[in-house]
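Here the structure is laid out as structure tokens; the discussion comes afterwards.
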Amino acid sequence: MSKVRFILLAVIMAALMVGTYIIKAMNSEGYDPFDPYTIVLDAGGDIGNYNTTASMEKSTSNPYPYNELETLCKEWMALPGNEDYKVVVAETSYNGSTSSLRPLLNAKTAPDVIYMNGTTAEEDKDKGWFEPLKKYLMSPNVYCEEGTLGSERWIDLYGGETEFVPQSDGEYYYINMERIPIGIIYNTKILEECGISYPFSSLTELINAEKKISQSNKGYTYLTSYRWLDIQLESNMFAYLLDDPLIDIDGNKNLDLKELISAYKNGKWAVDNDRYKAYLELVQKKTKYYPRAYESLDALSSFVGGRVAFMEGTGAVLRQLSVNTSIPFTYKIMPYPTVEQQDLKNLGITGADSITNDTLRQSRRGTAGYGTSWWVTNTAQDKGQKTVDKIVDLLMFLTAPEQNNRLVSKLGGGIPLNPNEGIDINEYLKPLLDLYVEDAKDENKISWAVWNSWNVLGTDYSNHFMEVTKKYINAELNGSHNFSFANLVDDLKGTTAATIREKEKTLPK
């Protein structure tokens, strides 16, 4: 092939590629995602995605018809000053997948607002991917009625700085759209057949119930798709440290990376201290009556089939159960158990005598705190400050109570950020909402996950913590004892030291 023909072919191929890109950019609705007057929302969520469903007809194949986000965006577009903007709710979400989103963020081609888990913020904050939001959060949300939460500072919709915690650099990189309902869903038929009264509130009562069920062979005792309870237990055990101003440096009663590293270096917190070892024992001993094959069992299908007594679940699970008409038993939900010194003694936790009730903190029941993290991306930044400001204005609109109640309650699985009295919320969520409202009145009760060291230390550490503790749990359940408690402590001690050395380098000077 001659050089001229080769160059000509290369030019044609390049043109075709550019044409393909333009065709992709101009989607089926005819919008350009890089137009500064176009705002693209990924619309994913923790409980369920906020994308508009293909049909608004409820059916077996479409149990949750939804278009409220799109409706609200149209209302925002109709407001004075917004007429030139087009808000596009993506047909599908990336579902928070970091493996999908991070390449797009690197290429500045992600949607303007993405959904991604907030636990990645500390490790991603210095990559230039996201718009810092502190200046907006400290300003009024103009869509909140004067004199109500949010009307002076947007952040007050999130309980202020004591509940909505910044990263180690003092910045915020996402806002949340809802509260996550959470608890233990239980099969009343199995409990009644085993002579177990319900509901109950303590960890001892839960473990004793599991013991009875295990002995009766009426079903599996306890299954969960994620170890949410372990997060609460660490907060129960260590939140008292936040009473120390030398640990709670910023005074917001929530652990962050800077504070954890300080506590570690000052000897206030360490994997091999007696109290943390007690926590690790608790993580394992509460699984004493789990089925040996718990890892291979799907929690939801086992529960729906009537084969398991207890299942941890969020509003997403409750939403799925609510549309399943073939469940052959009555189920209910209870909050996570309280943890007191006597519970630790009953479980045989080493050093329980020294872990007094005045150092154990009880959590607010009913929710796992705030969820569905939405981030303003560098795609939006490239469109200019005016576009970024408009996007933030849209997010203020969507989080103000009047709109947020509609946005969240119509999806059917979450609890709005600040639910109004008489809100039209699904019946299966009301017990959890009532619990939260009641517990929020008690200033001594802590917010969800105020001390969760393994999440604070980042995704890699969190994954390792889950794997290595699971290895120890399995060794105890199957009786092999091929991975001892001493092995667990040594592993986590070394991993923690190495992780903290690396994380310390990322802290602002």
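Position one of the sequence shown corresponds to residue 72 (our numbering), numbered consecutively onward. Beta carbons: idealized from backbone N, C-alpha and C, even for Gly.
Given residue i as reference, the closest of the options once Cα atoms are compared
i, options, result
"Leu150", "Gly290, Ile404, Arg173 and Phe468", "Phe468"
"Val459", "Val184, Thr191 and Gly384", "Val184"
"Asn553", "Val560, Lys542 and Trp522", "Lys542"
"Asn307", "Leu415, Asp195 and Pro579", "Leu415"
"Gly241", "Asp561, Ile284 and Lys196", "Lys196"
"Ser273", "Lys516, Glu128, Val410 and Pro107", "Val410"
"Pro502", "Pro270, Gly221, Ala349 and Arg173", "Pro270"
"Thr594", "Ala364, Gly442 and Leu228", "Residue 594 lies beyond the range of the chain shown here (72 to 580); nothing can be said about it."
"Leu351", "Glu509, Ile544 and Leu466", "Ile544"
"Pro472", "Leu506, Pro134 and Ile226", "Ile226"
"Gln412", "Ile398, Thr430 and Ser397", "Thr430"
"Ser524", "Leu331, Pro406, Glu202 and Gly101", "Leu331"
"Thr577", "Asn491, Pro406, Glu193 and Trp446", "Glu193"
"Leu176", "Lys157, Trp200, Gly189 and Asn166", "Trp200"
"Glu202", "Asn166, Asn153, Tyr243 and Pro174", "Tyr243"
Contacting residues, own chain, Cβ-Cβ under 6 angstroms from residue i (five flanking each side not counted)
i, result
"Asp513", "none"
"Ser296", "Ala370"
"Ile94", "In this prediction, Ile94 has a pLDDT of 30, which is less than 50 and means its spatial position is unreliable; what the coordinates show is noted afterwards. Taken in chain order, the list of residues that qualify is empty."
"Leu528", "Thr570"
"Thr450", "Lys179, Ala181 and Asp183"
"Tyr652", "An answer regarding residue 652 cannot be provided, because it is not within the stretch 72 to 580 covered by the chain."
"Asn475", "Pro487 and Leu488"
"Pro497", "The sequence as given places Asn at residue 497; Pro does not occur at that position. Within the same chain, Asn497 has close Cβ partners Gly483."
"Arg224", "Met209"
"Lys356", "Leu418"
Cα-Cα separation, residue i to residue j
i, j, result
"Leu548", "Glu263", "26 angstroms"
"Lys198", "Gly455", "19 angstroms"
"Thr358", "Ala178", "45 angstroms"
"Asn428", "Phe309", "12 angstroms"
"Asp464", "Asn417", "53 angstroms"
"Lys205", "Tyr293", "41 angstroms"
"Ser480", "Ser168", "25 angstroms"
"Leu504", "Ser551", "43 angstroms"
"Ser555", "Val379", "29 angstroms"
"Tyr92", "Asn489", "Residue placement at Tyr92 is poorly supported in this model, since its pLDDT is 32, which falls under 50; the coordinates still yield a value, given next. Straight-line Cα distance between these residues: approximately 42 angstroms."
"Gly218", "Ile486", "23 angstroms"
"Lys574", "Ile256", "37 angstroms"
"Ala341", "Asn258", "39 angstroms"
"Ala349", "Leu208", "39 angstroms"
"Ala334", "Ala557", "23 angstroms"
"Asp103", "Thr109", "7 angstroms"
"Glu162", "Leu482", "16 angstroms"
"Pro211", "Asp343", "46 angstroms"
"Glu128", "Glu139", "14 angstroms"
"Thr191", "Leu317", "26 angstroms"
"Leu304", "Lys329", "22 angstroms"
"Pro589", "Ser126", "The requested residue 589 does not occur in the structure, where the chain is confined to residues 72 to 580."
"Lys580", "Lys461", "33 angstroms"
"Leu172", "Ser268", "47 angstroms"
"Thr124", "Gly419", "51 angstroms"
"Leu228", "Gln238", "18 angstroms"
"Ile118", "Tyr347", "32 angstroms"
"Phe105", "Tyr499", "42 angstroms"
"Glu216", "Ser222", "6 angstroms"
Contacts around residue i, its chain only, beta-carbon distance under 8 angstroms, and the 5 residues preceding and following it disregarded
i, result
"Asp345", "Thr421, Gly422 and Ser425"
"Gly230", "Ser518"
"Gly440", "Glu234, Arg250, Ile251, Ser518, Trp519 and Ala520"
"Asp315", "Lys339"
"Asn395", "Val375"
"Glu276", "Pro408"
"Ile494", "Asn476, Ser480 and Pro487"
"Val160", "Leu112, Ala114, Tyr121, Asn122, Thr123, Leu140, Glu141 and Cys144"
"Asn133", "Thr124, Ala125 and Ser126"
"Lys457", "Pro107"
"Thr131", "none"
Residues of its chain near residue i, where Cβ-Cβ distance is below 7 angstroms and the 5 sequence neighbours each way are ignored
i, result
"Ser164", "Asp113, Ala114, Gly115, Asn120, Asn122 and Tyr186"
"Val539", "Leu559, Asp562 and Leu563"
"Ile261", "Ile284, Lys289, Gly290 and Ala380"
"Lys324", "Thr233, Leu313 and Val521"
"Arg572", "none"
Chain B contact for residue i (CB, 8 angstroms cutoff)
i, result
"Leu353", "This model lacks chain B altogether, as it is built from one protein chain only."
Closer than 7 angstroms: residue i CB and nearest the ligand ATP heavy atom
i, result
"Ser306", "Although the ligand ATP was asked about, the structure shown includes no ligands whatsoever."
Stretch-stretch touch, CB-based, cutoff 8 angstroms, three pairs: the segment 562-576 with the segment 529-547: With a cut-off of 8 angstroms, the segment 529-547 and the segment 562-576 count as touching, because enough Cβ pairs lie within range.
The segment 289-302 contacting the segment 422-436, beta-carbon criterion three pairs below 8 angstroms: no
Any 3 or more C-beta pairs closer than 8 angstroms across the segment 365-382 and the segment 395-409: yes
4-residue-minimum alpha helix (DSSP H) runs that sit fully inside the segment 512-564, ordered along the chain: 524-527 and 530-548
Inter-stretch contact at 8 angstroms, needing at least 3 Cβ pairs: the segment 275-282 / the segment 246-253: no
Length-filtered (3 minimum) beta strand (DSSP E) runs lying within the segment 301-358: none
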